[in-house]
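First the structure, in the form of structure tokens, and then the observations on it.
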Amino acid sequence: MERRFFRLGIDVDVAGRWHLGEPTRLTGQELEDVWEFSHGQPVDIRERLRVPIDRPGTPLDFDTAGVGQVPIVNARVASVFREMASSDVQLIPVEVQGQAEPYYLVNVARTVRCIDEKACAEVLLYSAEDGRPERVGEYRSVMGLRIDESKVGNARVFRLWGWPPPVIVAEEIKTALERVGAVGGRFDEVSGSIGPDLDGIGMGDGLVEPHD
């Protein structure tokens, strides 16, 4: 049976949702690299971090914070990742401003090279003419994202080689998050054929490409 995979993003339609700011140290000091958690690889963070609230509102079980759109989850959602994808993610304790409940920053620590370029609606690659030699062959934009499930292996949560903004989860993770009633996340399938709406994902979809 073929596995199904989904892009896990934020549900912007949650009424009165809060907006989280850039993660910092507990002192409020900025982190050296705000993109550190978007590279799809393990990080060495041994301290609790702080997440400010840029706009007060309804606390969510799942949200993203800062320009790097790093996932921030409560204990209930963290337990799903801990139990089902411990080899794919790091859960870093964070203090969310004004919240007594524990929260965690989810660093997706696995990258998989599996974008199905032929199945996507549109793929633009970096070339030598773009002046970014370190990015040649990687993706400038991906619309109608589709992945090749046969290349995923045993990963359940991962980022994509050459196009790291999306967080991809397996169907069993989606099901588990829905079972615990997680609020704040949205799932868009990236396996199978492209639907009429193209299930688009690209630079115009609110995703920010990491800077070097």
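Just add 954 to wherever you are in the sequence shown, counting from 1, and you've got this note's numbering.
Note that CB positions come from ideal geometry on N, CA and C, so glycine has one too.
Since the model is a prediction, treat every value here as computed from it, not as a measurement.
Asked, Found
"With a cut-off of 8 Å on the beta carbons, I'd call TRP1115 and VAL1066 a contact; round off their distance for me.", "7 Å"
"Is the segment 1090 to 1108 in contact with the segment 990 to 999, if contact means three or more CB pairs nearer than 8 Å?", "no"
"Write down the C-beta distance between HIS973 and ARG1009 rounded to the nearest angstrom, noting that I regard them as a contact closer than 8 Å.", "4 Å"
"Quick one, are the C-beta atoms of SER992 and PRO1118 less than 7 Å apart?", "yes"
"What did DSSP end up calling SER921 once you bin it into helix, strand or coil?", "Nothing about residue 921 can be reported from this structure: the residues present for the chain run from 955 to 1166 only."
"Can you have a look at ASP1015 and say buried or exposed, based on whether 16 or more other CB atoms are within 10 angstroms of its CB?", "buried"
"Residues in the same chain with beta-carbon distance under 8 Å from ASP1159, minus the five sequence neighbours each way, listed in chain order, please.", "Residue confidence for ASP1159 is low, a pLDDT of 39 falling below 50, so the modelled location carries little weight; the figure read from the coordinates is stated next. Excluding sequence neighbours, ASP1159 sits near nothing in its chain."
"Looking at the unbroken beta strand (DSSP E) that takes in ALA1019, where does it start and where does it end?", "1016 to 1019"
"My output table needs one value for GLU1125: the three-state DSSP class, helix, strand or coil.", "helix"
"Looking at C-beta atoms only, is the number of pairs between the segment 1033 to 1051 and the segment 1130 to 1139 that lie closer than 8 Å three or more?", "yes"
"Does DSSP classify ARG1030 as helix, strand or coil?", "helix"
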